[in-house]
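Novice: First the structure, which I've put down as structure tokens, then a few questions once you've had a look.
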Amino acid sequence: MLQEAEVTADRPDKNAKPLAVVEIDRRGRIAIVTLDNPPVNALGARLRACLYDALAALADDLEVSGIVIACAGSTFVAGADIGEFGTLRQEYPLLPDLCALIEAMQKPVVAAIHGTALGGGLELALACRYRVVHQAARLGLPEVKLGFIPGSGGTVRLPRLVGPERALDMIVSGIPVGAHDAVASGLADGVVVENIVDGAVAFLRTRIEEKAPAAVAVRYRDDKLARTRTDPAGFDALAAKLAAKARGLSAPLACIDAVRNAFLLPFDQALGKEREAFVDLMSGPESRALRHLFFAEREAAKVPGVAKDLAARRIDRVGVIGAGTMGGGIAMAFANAGLEVIIVETGDEALGRGIGMIERNYATSVARGSLSEPERQQRMARLTGATDYAALGQCDLVIEAVFEDIGVKKDVFSRLSQVMRPGAMLATNTSYLDVNEIASAFARPQDVVGLHFFSPANVMKLLEIVRGDNTAADVVATAVSLARKIGKVPVVVGVCHGFVGNRMLAARSAQNEALLLAGATPAQVDKAFIDFGWPMGPFQMADLAGLDIGWRNRKATGKTAAIADTLCEKGHFGQKTGRGYYRYGDGSRMPIADADVEQLIRAKSGELGLQRREISPGEIIARTLYPMINEGIRTLDERIATRASDIDLVWVHGYGFPTAKGGPMHWARATLSRSELAQALEHWHNITQSEIFLPATGFSAFFDN
Ligand code: COA
643 MLQEAEVTAD RPDKNAKPLA VVEIDRRGRI AIVTLDNPPV NALGARLRAC LYDALAALAD
703 DLEVSGIVIA CAGSTFVAGA DIGEFGTLRQ EYPLLPDLCA LIEAMQKPVV AAIHGTALGG
763 GLELALACRY RVVHQAARLG LPEVKLGFIP GSGGTVRLPR LVGPERALDM IVSGIPVGAH
823 DAVASGLADG VVVENIVDGA VAFLRTRIEE KAPAAVAVRY RDDKLARTRT DPAGFDALAA
883 KLAAKARGLS APLACIDAVR NAFLLPFDQA LGKEREAFVD LMSGPESRAL RHLFFAEREA
943 AKVPGVAKDL AARRIDRVGV IGAGTMGGGI AMAFANAGLE VIIVETGDEA LGRGIGMIER
1003 NYATSVARGS LSEPERQQRM ARLTGATDYA ALGQCDLVIE AVFEDIGVKK DVFSRLSQVM
1063 RPGAMLATNT SYLDVNEIAS AFARPQDVVG LHFFSPANVM KLLEIVRGDN TAADVVATAV
1123 SLARKIGKVP VVVGVCHGFV GNRMLAARSA QNEALLLAGA TPAQVDKAFI DFGWPMGPFQ
1183 MADLAGLDIG WRNRKATGKT AAIADTLCEK GHFGQKTGRG YYRYGDGSRM PIADADVEQL
1243 IRAKSGELGL QRREISPGEI IARTLYPMIN EGIRTLDERI ATRASDIDLV WVHGYGFPTA
1303 KGGPMHWARA TLSRSELAQA LEHWHNITQS EIFLPATGFS AFFDN
């Protein structure tokens, strides 16, 4: 029976979505309320209204002794409807109203959880008297990842079930727990192996028919709070540790306060404070940015010209050519995800060095406790080495990570034409070069794609997938699904020098030397970046990467950089030589301002006849980030990037752009006006004559959209 006429799902811009319904079935005296709102049963306004009406009717129904709340499709409620946040669609009943209704019910309500119960979904379940979970289910409160805190009782009820410390850990990390953990901690009351609804009905029937003592509503549970209330030392220590890791974000700190309120304040007061903090954070810029990134990730998987249901090719065995830092990291990324990997090097010595480096990396993870010894052994067992290309004959995908030189790469591709099996994919890990030209050296250019990993490749989340002119659609689809399988964020881009990320990085870096020559010190520039939210500034970054790389490139292309070239001539290659833009103590990565370098910079300004002056942080940001945004718009104009949100993903996951600002394009739209940016670009173009400040063709359109 349908509880209410079918109603449309309420995501504002998703008119084509299937219909949201609440259905009620009966098994004897037990009513089963099934929520159905594909794809993830998000609790939008209409679904909440239907559920509220259904439950209110069942509360008065004398034929019903107990209620099971379950979900259709692949998952229990995966959260409140994130698309509704920040819109006018926060309509009554709100989720707290629904939770209050459930908790006040005189008859027992069981949440029957399969798939994921996340955020508002878990809060709904916490208001129920019991939670029965499928063995493969996962339960969590991931709101912190979207920049807010649970707002419907999650921070107040969860500590009552699992204890404040455990709750704090779950809420601040946002990481869901599995079914068995949930039962062990007191969050769930039973695990079901087969059908979740049958299991939940059986569970409830036992309690009703065998007249088991009724469980107390979660709000009245105090047993797990009392200990922390009298001795909060353990809680405080954990809270301090978690706060130290908050990296300037507000939501983790608000989560800590909310969980503390759960054991210090009466239930309703704690609930009220939780809601206040939720509303406050949800409407703030940090959460808007993080929600933007959530939807950006989902959008990025939709690639123009690649049908959603296009079958991906099967990839079980991956070949990696080159066992240097990049090749080794790529090999680890695949081995970590359970794929077989063959690493090919030119000789036994280089191969041994590469595999030795991988072994050391894994050993470090075991020593740190982030990897178990059996898992390390399994990962190593997936890796084999070879010195002959013939070993790649049975690979489904081969990735070259050889020297960044077009001739070398084309030679590798042409040799691979002889050994790779038909249908196997070939990828280049180039960071700048022309993927079309590289592909032309391979017998089947339609099977070629760029897979631009970021160093260290086993850690960094971004994968720029470079689609060549001839790359087949199913090769792109395969690259996207494979990227997700190995835990990366895929962004499909077109061919140009440096693609999206490194091309914009060049624009961001173009004024670095000019800023030093005009009067800034490396430390002032880096501080402006760090204050903005970057993990480090451009000169710290250069010292980390090694100044000699850029020097070699400049010499090869006939370019110069007054300060960087002189530093390199003096042997200042950065951290690896103990001196770069900064000085470093023995084995230390801590940059120390170097008076000699500052003297050298002043001398260079003098040689060029420049009058040094005070450089403000605002000027530093305007001369580095504004041209980078402008370059981003150019990549949109040229269709190198598909959408602005793709660019944001590239910068957040590949270059450390602060997530709380949502990426450069989101930040520009959210905080700069078109005229402000246009005036700044014009101003700096007049002074520097640099083309990086010339507004992109689509500049106005970008701000209008
Ligand atoms: N509100 C609105 N839409 C949501 C949503 C939510 N809470 N959770 C997922 N969706 C949408 C996605 O945007 C996507 O829409 P699209 O197909 O139009 O792009 C669709 O549901 C499928 O999500 P996706 O993440 O691609 O599927 P998945 O199977 O890989 O993962 C989840 C499913 C539920 C694990 C994942 O979507 C998730 O973590 N969701 C957020 C949960 C959350 O943070 N809840 C707390 C909010 S209170």
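643 is the number of the first residue of the sequence shown in the numbering used here; add one for each residue after it. Note that beta-carbon positions come from the ideal geometry of N, C-alpha and C, so glycine has one too. Predicted, not measured: the structure shown is a model, and the values here were computed from it.
(1) As a quick exercise: from Gly1140, Ile1000, Leu803, Met812, pick the residue whose alpha carbon is nearest that of Lys787.
(2) For Val901, I'd like the list of residues in its chain whose CB is within less than 7 angstroms of its CB, leaving aside the five on either flank, ordered along the chain.
(3) Identify whether Arg933 lies in helix, strand or coil by the three-state DSSP scheme.
(4) Between the segment 1312–1322 and the segment 1167–1181, do three or more beta carbon pairs fall short of 8 angstroms?
(5) Between the segment 1254–1273 and the segment 1085–1094, can you find at least three pairs of beta-carbon atoms closer than 8 angstroms?
(6) Which runs of the alpha helix (DSSP H) spanning at least 4 residues fall entirely within the segment 863–924, listed in chain order?
(7) Within its chain, find whatever has a CB closer than 8 angstroms to the CB of Arg1145; leave out the 5 residues flanking it on each side and keep chain order.
(8) Using the rule of at least 16 other Cβ atoms within 10 Å of the residue's Cβ for burial, across every protein chain shown, is Ile601 buried or exposed?
(9) Do you know offhand how far Thr1072's Cα is from Ala1043's?
(10) Helix, strand or coil, according to DSSP, for Pro1132 in the structure here?
(11) Around the C-beta of Pro908, are 16 or more other C-beta atoms found within 10 angstroms, so that it is buried, or is it exposed?
(12) Taking the runs of the alpha helix (DSSP H) that are 4 residues or longer, which of them lie wholly in the segment 1107–1178?
(13) Could you say if the segment 762–778 and the segment 673–688 meet the contact criterion of at least three C-beta pairs nearer than 8 angstroms?
(14) Check whether the segment 1011–1019 and the segment 970–977 touch, using three or more Cβ-Cβ pairs below 8 angstroms as the test.
(15) Decide if Gln1331 is buried, meaning its Cβ has at least 16 other Cβ atoms within 10 Å, or exposed.
(16) Indicate the three-state DSSP secondary structure (helix, strand or coil) for Arg1024 in the structure shown.
(17) Does the Cβ of Ser716 have 16 or more other Cβ atoms within 10 Å, making it buried, or fewer, making it exposed?
(18) Rounded to whole angstroms, what's the CA-CA distance from Ala1264 to Leu1158? Just pull it up for me.
(19) What residue range is occupied by the uninterrupted alpha helix (DSSP H) comprising Cys1037?
(20) Considering only residues of the same chain and omitting the five flanking positions on each side of Tyr1226, which have a CB-CB separation below 6 angstroms?
(21) With H, G and I counted as helix, E and B as strand and the rest as coil, what does DSSP make of Ile1275?
(22) Can you tell which of Ala912, Gly1136, Leu1124, Leu760 has the C-alpha that lies nearest to the C-alpha of Asn1078?
(23) Between Ser925 and the rest of its own chain, which residues show a CB-CB distance below 7 angstroms, the 5 nearest in sequence each way excluded?
(24) Using a Cβ-based criterion (distance less than 8 angstroms to any ligand heavy atom), does Leu1124 qualify as near the ligand COA?
(25) Checking 9 angstroms against the spacing of the C-beta atoms, do Leu1058 and Tyr1031 come in under that value?
(26) The beta strand (DSSP E) with Leu632 in it runs from where to where?
(27) Rounding to the nearest angstrom, what Cα-Cα distance links Tyr862 and Gly1304 in this structure?
(28) So Arg1068 packs on Phe1084, CB below 8 angstroms; how close in whole Å?
(29) Going by DSSP, which residues form a beta bridge with Cys713?
(30) Is there at least one non-hydrogen atom of the ligand COA closer than 8 angstroms to the beta-carbon of Asp1290?
(31) Consult DSSP for Asp655 and reduce its assignment to one of helix, strand or coil.
(32) When you compare only the Cα positions, how much space is there between Ala651 and Val1101?
(33) Counting C-beta neighbours from all protein chains within 10 Å, is the total for Met1307 16 or more, i.e. buried, or is it exposed?
(34) Within 10 Å of its beta-carbon, does Glu733 have 16 or more other beta-carbons around it, so buried, or fewer, so exposed?
(35) Can you give the Cα-Cα distance for Gly721 and Phe920, rounded to whole angstroms?
(36) Please list the segments of the beta strand (DSSP E) lying wholly inside the segment 701–786, counting only runs of 3 or more residues, in order along the chain.
Specialist: So, from the data block:
(1) When only C-alpha atoms are compared, the closest one is Met812.
(2) Only Thr797, Pro801, Pro806, Ala809, Leu810, Ile813 meet the Cβ criterion.
(3) In the three-state reduction of the DSSP assignment, Arg933 falls in the helix class, which pools H, G and I.
(4) Taking a cut-off of 8 angstroms for Cβ pairs, the segment 1312–1322 and the segment 1167–1181 do not touch, as fewer than three such pairs fall below it.
(5) Contact between the segment 1085–1094 and the segment 1254–1273 is not established, with fewer than three Cβ pairs separated by less than 8 angstroms.
(6) Segments of the alpha helix (DSSP H) lying fully in the segment 863–924: 865–872, 875–886, 892–906, 909–924.
(7) The answer, listed in chain order, is Cys1138, His1139, Glu1273, Thr1277, Ile1282.
(8) This structure leaves residue 601 out entirely; the chain is present only between 643 and 1347.
(9) Straight-line Cα distance between these residues: approximately 7 angstroms.
(10) Strand.
(11) Counting other Cβ atoms within 10 Å of its Cβ, Pro908 stays below 16 and is therefore classed as exposed.
(12) Every unbroken stretch of the alpha helix (DSSP H) spanning 4 or more residues and falling wholly within the segment 1107–1178 is given here in chain order: 1115–1127, 1143–1151, 1154–1160, 1164–1174.
(13) Counting Cβ pairs under 8 angstroms, three or more are found: they touch.
(14) Cβ pair count under 8 angstroms is below three, so no.
(15) Burial check for Gln1331: the Cβ neighbour count within 10 Å stays below 16, so the residue is exposed.
(16) When DSSP states are grouped into helix, strand and coil, Arg1024 belongs to the coil group.
(17) With a 10 Å radius around the Cβ and a threshold of 16 neighbouring Cβ atoms, Ser716 comes out exposed.
(18) In this structure, the CA atom of Ala1264 is about 15 angstroms from the CA atom of Leu1158.
(19) Counting along the chain, Cys1037 falls outside any alpha helix (DSSP H), and DSSP gives it neither H nor E.
(20) So the qualifying residues of the chain are Gln1217, Gly1220.
(21) Residue state, collapsed to three classes: helix.
(22) Closest in alpha carbon position to Asn1078, among Ala912, Gly1136, Leu1124, Leu760, is Gly1136.
(23) Non-local C-beta neighbours of Ser925 in its own chain, meaning closer than 7 angstroms and more than five positions away in sequence, comprise Gly728, ordered along the chain.
(24) It does not: the Cβ of Leu1124 is nowhere closer than 8 angstroms to a heavy atom of the ligand COA.
(25) In this structure, Leu1058 places its C-beta atom within 9 angstroms of the C-beta atom of Tyr1031.
(26) Outside the displayed span of the chain (643 to 1347) sits residue 632, for which this structure offers no information.
(27) Per the coordinates, the alpha-carbon of Tyr862 lies some 40 angstroms from the alpha-carbon of Gly1304.
(28) In the sequence under discussion, the amino acid at residue 1068 is Leu, which differs from the Arg named in the question. Confirmed, about 6 angstroms.
(29) Paired residue(s): Leu677.
(30) No, the beta carbon of Asp1290 sits no closer than 8 angstroms to any heavy atom of the ligand COA.
(31) A caution first: Asp655 carries a pLDDT of 44, below 50, which makes its placement in the model too unreliable to give a value.
(32) Note that Ala651 scores 34 on pLDDT, short of 50, meaning its location in the model is unreliable; the coordinates nonetheless yield the value given after this. Ala651 and Val1101: Cα-Cα distance of roughly 38 angstroms.
(33) Buried.
(34) Classification of Glu733: exposed, given that the 10 Å Cβ count is below 16.
(35) If you draw a straight line from the Cα of Gly721 to the Cα of Phe920, it is about 14 angstroms long.
(36) Within the segment 701–786, the complete beta strand (DSSP E) runs of at least 3 residues are 708–713, 751–755, 758–760, 772–776, 780–782.
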